[in-house]
Structures are given as structure tokens and as C-alpha cells.
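Position 103, counted from 1, in the sequence shown is what this note's numbering calls 194; the numbers after and before it change by one each time, with no gaps.
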Amino acid sequence: MKIMVVDDEPLINQYIVQCIRSADPENEIIGAVTSGAKALAMLEENPADLVFADITMPKMDGIELLREIKKRDPSISVIMLTCHDDFEYARAAMQNHASNYILKNEVSVELIRSVLEDLKRGRKEHSAKGVAQQISRNNYLRRLAEQDASVQPIRESDLRSNHIYLSADAFVVVAFRNSEHNIRLMQQILTNGFENPLFYAYNEQEMFLLVNLRRTDDRPLQDGDAAALFQAHENEMEDVTGFSRVHYHLERLQLAFAEATADQDARFYGAAAQQGEAEQAIRQIEMYIMRATICMEEGEIAKGCAAIETMMEQAQQQHVRVFFLKEALLQMFAGIHAKLGVGLEEVEHGVQYSRTFAEMSACVQQGLDLLRGQGRRYSAAIQKAIDYIGFHYAEDISLNTVAEFVYLNRDYLSRQFKKEVGVNFSEHLMSLRMKEAKRLLETTSMRISDIALHVGITNMSYFSTVFHKTFGCKPNDVRKQKKGG
Numbered sequence: 092m093k094i095m096v097v098d099d100e101p102l103i104n105q106y107i108v109q110c111i112r113s114a115d116p117e118n119e120i121i122g123a124v125t126s127g128a129k130a131l132a133m134l135e136e137n138p139a140d141l142v143f144a145d146i147t148m149p150k151m152d153g154i155e156l157l158r159e160i161k162k163r164d165p166s167i168s169v170i171m172l173t174c175h176d177d178f179e180y181a182r183a184a185m186q187n188h189a190s191n192y193i194l195k196n197e198v199s200v201e202l203i204r205s206v207l208e209d210l211k212r213g214r215k216e217h218s219a220k221g222v223a224q225q226i227s228r229n230n231y232l233r234r235l236a237e238q239d240a241s242v243q244p245i246r247e248s249d250l251r252s253n254h255i256y257l258s259a260d261a262f263v264v265v266a267f268r269n270s271e272h273n274i275r276l277m278q279q280i281l282t283n284g285f286e287n288p289l290f291y292a293y294n295e296q297e298m299f300l301l302v303n304l305r306r307t308d309d310r311p312l313q314d315g316d317a318a319a320l321f322q323a324h325e326n327e328m329e330d331v332t333g334f335s336r337v338h339y340h341l342e343r344l345q346l347a348f349a350e351a352t353a354d355q356d357a358r359f360y361g362a363a364a365q366q367g368e369a370e371q372a373i374r375q376i377e378m379y380i381m382r383a384t385i386c387m388e389e390g391e392i393a394k395g396c397a398a399i400e401t402m403m404e405q406a407q408q409q410h411v412r413v414f415f416l417k418e419a420l421l422q423m424f425a426g427i428h429a430k431l432g433v434g435l436e437e438v439e440h441g442v443q444y445s446r447t448f449a450e451m452s453a454c455v456q457q458g459l460d461l462l463r464g465q466g467r468r469y470s471a472a473i474q475k476a477i478d479y480i481g482f483h484y485a486e487d488i489s490l491n492t493v494a495e496f497v498y499l500n501r502d503y504l505s506r507q508f509k510k511e512v513g514v515n516f517s518e519h520l521m522s523l524r525m526k527e528a529k530r531l532l533e534t535t536s537m538r539i540s541d542i543a544l545h546v547g548i549t550n551m552s553y554f555s556t557v558f559h560k561t562f563g564c565k566p567n568d569v570r571k572q573k574k575g576g
């Protein structure tokens, strides 16, 4: 565990640190400070698992420090230290969720060892219990979201047994893109006018928020009230957001899920959907995606583009679920990029964050225009070389490697590659590596050094130099833009 000690008396501070180290050498002392302010500043830089804090300190006492720590990170355990054998001190500590309370004159290696063992055992039990509760709750919420009839009737006791504390007093369900940015923004919005919020990640793309609306006057809350509370921040959200009506009966929670996703789709397409077969619509989209991908792989670019255009028409007519359509398009473009080497990163980004079907259509059309521009056929040997590079660009490959694979003389391959592709082998290879590196910087949390290795570059300085030359910015600049996003 990472442990911090906070006591305004340096000698006591040092003694407690020695006891901790003697009790269990595996613990890491991240700091021994003499004030609450210093403790909070250090915790910002280096979070702890456990804090030993003196109750009676000047300026900010231990109870104030305890409250602030729990407000910032409830998972941090805090053990209070005091010279006073006074029930009021113990009660104040426990009321503010201290993990334990010990007297300074009783501190010893044996006592600290016992306290740490109890704490570790309690944390393990709490963690195991929390995982079990999370699994149970997610399974129940999934059945709600998927309109599983077996959850009916929905009773308050069912929700409580699954650790869902929504009340029947004016609740809504909100559907939005599952991203750190959106969740942080939602948490900021929820500071006023809301109660009992629960975030549920349905999958990697979709997130639901279940929340009660707090009344500000005696009038009944209207269906538009939920959207109005979010409206000021709607443009800051990544992607379109959907809202259910305001409900007052928990048995309508499943209906609220359906309303939120339907509202999300209606906002995206600009109109409410007609009743239809959702599964059949999805199968049709998958069929067109497969047809387009096969055509592209066989070099029939025009036919592939035509299949995508027909698919988009079908999606608009049938109001295919927004996130399914986006995921299908992104996977298709990623596959085409890997096969043909066409730069579609901007298209993929536009599709992912489009807020309306019109925006998405414009991005898809941009991608089709790029593909049609790449419609010329390479000779069989050069196409084989391009395919090989596309699959092995992250490995230690060379022109000799590729020449051996396609059974051509190295120099002849070099000349023919430049003639047909327009760039030489090394430029094409580095272009693929840089595009993949940029994609990983924008879409993952991988370390920059790991990304460089992932795309086949072992020298970090060289990676940074080539990246800057290719995109006009450093890899770290892309990562900062993503965080600021």
C-alpha cells in the first residue's frame, strides 16, 4: 500500500513512519508531512491508499483533512491519531468515515501491524463484494436496456437488491456516447438539480445515466425539463444525446431506456423513427458492409462505393441505431485502410463524432471520393507488395524482404513501386507507420514510447522527428489535444 503520515510534530511523524516500515516493509511511504495543506497538495501529485492523520493540528485539523480527502477520493482510507482518549473525537472521526482511530501513546510496531492487516483484509472483502455487486447490477441493467420482459414487473425491492437507488419521484434516463469527456461533463452538470445519479456503460460506445430530477417548485416536472437542464452543455457533448420522458413510476424504467435511445436516434436523423423490424435493418446494413468490403478487396472500387451509398440510404430510411451504424462504418473504413493503404483517418474521426445523419453522410461521401480517386489498379506484383507492407509495416521489414516475397529483383521493385504508387518504398512504409501512430495517440491511452514500438520504430528521438515532419506537431501535442478534447 501507498501510505502518508500527517502530524505537526516531526518526531512523532518519524516514529510512526518507522513503525509502519517495521510492521510491513512492502508498504511504500509516499510522504510524511506536518500540515493538512501539505498533505492535500502531495495527494494531488501522488495518490495514497492510506493516510495516518493527527486530529489536533493547527489551521486545518485532522477532521477537516479527513472530510476533504473523502470528498476528493472516497477510496482513500484514513486512520486518525490523537493524544485524547475522548469519545467525541472518536465519534467525529467515524461520522466522517475514518477507517480507524488510535491513541498515539499506544502506537507500536505490533499495533500498526494489526491495524494494517485488518485494513488490508477489509479492503479485499470490500473489493470482492463491490465486484459482485457491480456484476449483479450490470446484468440487471442490461436486461432493462434490452427490453427483456423477464424483469417485469419492476419493483423498488428489485432495484435495491441490485444496488440501484433511483426513486419514483421524477426520474429520467439519458443516453450518450461512452467517453471520459462526456462522463466528466455529465458529472459537472449533475451538481445541481439532480439526485441519485447512476452511470451504466452498456458497451464501449453507449452510456446511460439514470437520475432523479430535483423539484425546485410545486409544479409537476415536464418531459422537456430534463433536456432543458442539459441544454446549455449540449454542444460540449461528444455526439448526440437522448432523453426519456419524466416518469414517476419505477415500473416504467424499462420504457425510459427505450425512450432515451429512440430520442437519441430521432435527434440524429432529424425525425422520429417509423415502426419497423430493427433486427432486419441491422442485417441489411451488415450485408451491404460485407458486399462493399469484398468489392474493395477485389479492386472493384466503384461497386464497393455504390454498395456503401445504398447502405446509407437504407440506414436513413430505417433509422438504424446510431452507435451500431457508426461502429459498422468505422470497422469497414479501418479494414479498407489496411487493405488499400488509403488515408481515411479524417473520415473516420468525422463519422465517429458526427451529431447528425447529414454530417455523417458528408464524411462518408468524402471517404468515397478518396476511394474513387484510388480506383486505378496496380500490377499484380505491386499490389502484392502493397498488401504485404500493409500487414507487416510494424515489423522490421525492408525493400529486400518485400522483393523476396514478390519474387522480383530489388532494384526493379524499387523503380516499379515508385512508378505505380507515386512514392518510394520507404516513404510508403513510413506513411503507414505515422498514420497508425497518430490514430493510436488519438484513440488510446498507450504510452508514446509503446506506440513507437507498436508501429515498428525503436528510436524515440527518430520517431518524434519523423512524426513532426509528417504532421507538423509532436506526438505529445496530439496527446494533449486528446486530453483537452
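Using N, Cα and C, we set each Cβ at its ideal position, and we do this for glycine too.
For M171, the three-state secondary structure derived from DSSP is strand. In the structure shown, the three-state DSSP call for I121 is strand. Per DSSP, A292 is one residue of the beta strand (DSSP E) stretching across 285-292. Here the stretch 437-444 does not lie against the stretch 382-394, with fewer than 3 beta-carbon pairs under 8 Å apart. DSSP places D145 inside the beta strand (DSSP E), whose first and last residues are 141-145. The stretch 92-99 makes contact with the stretch 137-147; the number of CB pairs closer than 8 Å reaches 3 or more. Beta-carbon to beta-carbon, R382 and A398 are separated by about 5 Å, close enough to satisfy the 8 Å threshold. Scanning its chain for C-beta atoms nearer than 7 Å, with the 5 sequence neighbours on each side dropped, one finds around M277 the residues L300, in chain order. For R336, the three-state secondary structure derived from DSSP is coil.
The Cβ-Cβ distance between L523 and S505 does not fall below 8 Å. Looking at the DSSP output, L300 bridges to V265, F290. At the C-beta level, V264 and A353 stay beyond 8 Å of one another.
When the five nearest sequence neighbours on each side are left out, no beta carbon in the same chain lies closer than 6 Å to the beta carbon of D164. Cβ-Cβ separation between I170 and I193: approximately 7 Å, consistent with a contact (criterion under 8 Å). Under the DSSP assignment, N104 falls in the alpha helix (DSSP H) whose first and last residues are 101-114.
Beyond the five residues adjoining it in sequence on each side, S540 comes within less than 7 Å, by CB distance, of M551 in the same chain, given in chain order. For Y192, DSSP records a beta bridge to M171. Assignment of beta-bridge partners to I94 by DSSP yields I120, L141.
DSSP places M378 within a helical segment (H, G or I) once states are collapsed to three.
Closest by C-alpha distance to T401, out of A543, E418, S452, I427, is S452.
Around the Cβ of P244, a 10 Å sphere holds fewer than 16 other Cβ atoms; the residue is exposed. Contiguous alpha helix (DSSP H) elements confined to the stretch 231-279 occur at 247-252, taking only those with 4 or more residues. In the structure shown, E450 falls within a helical segment according to DSSP collapsed to helix, strand and coil. Separation of R275 and M298 (C-alpha to C-alpha, rounded to the nearest whole angstrom) is 13 Å. For M328, no alpha helix (DSSP H) run applies, since DSSP gives it neither H nor E.
Less than 8 Å divides the Cβ of I392 from the Cβ of L462.
Going by beta carbons, A123 and L207 fall outside the 8 Å limit. Within 10 angstroms of the beta-carbon of L102 lie fewer than 16 other beta-carbons, which makes it exposed.
In chain order, R268, S270, H272, N273, Y444 place their CB closer than 7 Å to the CB of E329, counting only its own chain and leaving out the 5 sequence neighbours on each side. Separation of S190 and S555 (C-alpha to C-alpha, rounded to the nearest whole angstrom) is 47 Å.
The beta carbons of A528 and V546 sit about 5 Å from each other, so the pair counts as a contact at 8 Å.
The beta carbon of Q224 sits closer than 6 Å to the beta carbons of H254 from its chain, once the five residues preceding and following it are set aside; these are given in chain order. According to the DSSP assignment, R358 belongs to the alpha helix (DSSP H) that extends over 344-360. With respect to the 8 Å criterion, H188 and F262 are not classified as neighbours on the basis of their beta carbons. Straight through space, the alpha carbons of R343 and R246 are spaced by roughly 10 Å.
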